[in-house]
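Novice:
Residue numbers (the working numbering): 3 to 561.
1. Please determine if the region 419-432 and the region 497-516 are in contact, where contact requires at least 3 C-beta pairs separated by less than 8 angstroms.
2. Are the region 289-298 and the region 307-315 touching by the rule of at least three beta carbon pairs closer than 8 angstroms?
3. By how many angstroms is the C-alpha of residue 229 removed from the C-alpha of residue 243?
4. With which residues is residue 533 paired in a DSSP beta bridge?
5. Inspect the beta-carbon positions of residue 153 and residue 175 and report whether they are closer than 8 angstroms.
6. What does the Cβ neighbour count give for residue 270, buried or exposed, with the cut at 16 atoms within 10 Å?
7. What is the rounded straight-line gap between the Cα of residue 452 and the Cα of residue 380?
8. Are there 16 or more other CB atoms within 10 angstroms of the CB of residue 337, so buried, or fewer, so exposed?
9. Can you tell me where the beta strand (DSSP E) holding residue 354 begins and where it ends?
10. When burial is assigned at 16 or more other CB atoms within 10 Å of the CB, is residue 339 buried or exposed?
11. Give me the residue from 141, 149, 546, 140 with the minimum Cα distance to residue 132.
12. Which residue or residues does DSSP assign as beta-bridge partners of residue 378?
13. Within the chosen definition, does the region 444-463 reach the region 523-539 through at least 3 CB pairs nearer than 8 angstroms?
14. Exposed or buried, which one is residue 351 when buried takes at least 16 other CB atoms within 10 Å?
15. Helix, strand or coil for residue 232? Go by DSSP, reduced to three states.
16. Just to confirm the assignment, what range does the beta strand (DSSP E) spanning residue 422 have?
17. Three-state secondary structure (DSSP) at residue 288?
18. I'd like the span of the alpha helix (DSSP H) that includes residue 112, first residue to last.
19. Helix, strand or coil: which one does DSSP assign to residue 365?
20. State the Cα-Cα distance for the pair residue 93 and residue 195, rounded to the nearest angstrom.
21. In this structure, does DSSP put residue 124 in helix, strand or coil?
22. Around the C-beta of residue 217, are 16 or more other C-beta atoms found within 10 angstroms, so that it is buried, or is it exposed?
23. Thinking just about the alpha-carbon of each residue, which of 215, 214, 193, 187 is nearest to the one in residue 202?
24. What residue from 161, 144, 416, 110 has the CA that sits closest to residue 128's CA?
25. Anyone know if the C-beta pair for residue 122 and residue 137 falls short of 8 angstroms?
26. Tell me, please, which residues DSSP counts as bridged to residue 266.
27. Judging by CA-CA distance, which residue of 252, 239, 101 is the nearest neighbour of residue 226?
28. Spatial neighbours of residue 177 within its chain, please: C-beta separation below 6 angstroms, excluding the five flanking residues on both sides.
29. What number of angstroms, rounded off, separates the C-alpha of residue 545 from the C-alpha of residue 498?
30. So who's on the other strand from residue 179, going by DSSP bridges?
31. Please list, in chain order, all residues of the same chain as residue 162 whose beta carbon is under 7 angstroms from its beta carbon, the five residues on each side excluded.
32. For residue 417, name the three-state secondary structure that DSSP assigns.
33. State the Cα-Cα distance for the pair residue 514 and residue 536, rounded to the nearest angstrom.
34. Please classify residue 344 as buried or exposed, where buried requires at least 16 neighbouring CB atoms within 10 angstroms.
35. Residue 309: which of 288, 273, 147 sits nearest, CA to CA?
36. Once the 5 residues before and after residue 341 are set aside, which same chain residues still bring their CB inside 8 angstroms of it?
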């Protein structure tokens, strides 16, 4: 059959009429050889003006015979059927691979076909007519034909969808993920009236046009796109609770006050010079505006805010921050303004406070903050600690004082509930005050005193990028980072080799120092970026016992 098609195709190509090739039978006389031209009715004496101009009309172009047109249509239909057949066979193969023990495909309501190199979903609704949830992430799909209309949850991230991909046959969709495709417009989604959650991160979207009338939206994420301007005043998003437009190119945001149900707003990584909220947003709990160009931030419109992250801006102060009586997490790291005018008395009920990278003085803490459990003051150019610190923050659990100019830690005495303490890269000259301090903090689990004069020869040099104070709150847990967050990848392996190569005197000094801290803090699990093992505990214990015996012998011999 294929041989016959090929033979017919040869003749078809010979007689084919295309824009680049005109059949010799349909050529006008002017284009034919002189010998084959038809004689004209004019006489040689006729002028050029008297000769009618010959033109190519539709009646003069070549038209294939009805038989050939019928064959061409049949040939196209055959090739289309072959293509659909290949897609169907591929789909059967994939479904069988994913559900090898399910005999009744028609009863399946959920399936995961991700990372299967699928180019088409044709015939899917014939095999899985009751499908409710479908995951086809990381495939080669550019259109969504063949998906059953019953579908309510569709995840089609990392494919080849564009702004022309149609969704009109998926009117029951409630949850849609089209992240990391080639979508430049959202207009095709305007028909999805039941849509509640939309995730379209990592595309080429330039506006929110097409979504304005989707009044059922609850969660919307358009992270990492190319949006320059948004006006929410024209949107009917009366139920929208979570909005993420971070890492776009926004320099103007209007109409935020129309989103009265908003609970979480993420505007990180844009070009905003100001953030205007004309009317209150009483339900807003989380506001993220880090990595923008904000010089002032008016927060009176969000009185019930719980979390505010505004790192890497140009803020000198927060306007009316004292009205945020319910604020729990506040991060104002690395402000490019000359100085951050901030006092804890304005946020005395805050639980976690991140102020790293801002020049501060000891007047920062003036009034007690009894709820404060996490305090980060890395690279704040501190030369001394606030007086009465144990009285001002008695419930502190985590304290980060990395990269300051501290020479004395006695003012930390009394913080008996400390669990994590880091003073990397400061000016601590002796380990004795540290041991004395730690004897009164029995709950400590993690300590780090690297890059101080008293520990400098015992460890590898530590780079600034490895310091947790350089991390954003989004890069770790809020307030309570795990030990892994404090340890650079591969640090322990490097330290193991470094420790083996130490001279005996330095090795014994390091082990004795670590052993004394282990005795003072029985719960210690991580010390100076190195995990504390039972083997090391025993070795340090024996070393200290030996040193103690030698000391007693010297005292006895002297008497």
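Virtual Cβ for every residue (Gly too), placed ideally from N, Cα, C.
Specialist: Looking at the atomic coordinates:
1. no
2. yes
3. 20 angstroms
4. 528
5. yes
6. buried
7. 14 angstroms
8. buried
9. 354-356
10. exposed
11. 149
12. 356, 402
13. yes
14. exposed
15. strand
16. 422-424
17. strand
18. Taken as a continuous stretch (DSSP letters only), residue 112 belongs to no alpha helix (DSSP H), being part of the beta strand (DSSP E) at 112-114.
19. helix
20. 30 angstroms
21. coil
22. exposed
23. 187
24. 110
25. no
26. 244, 288
27. 252
28. 155, 199
29. 19 angstroms
30. 157, 201
31. 142, 143, 144, 183, 184
32. coil
33. 15 angstroms
34. buried
35. 288
36. 318, 360, 361
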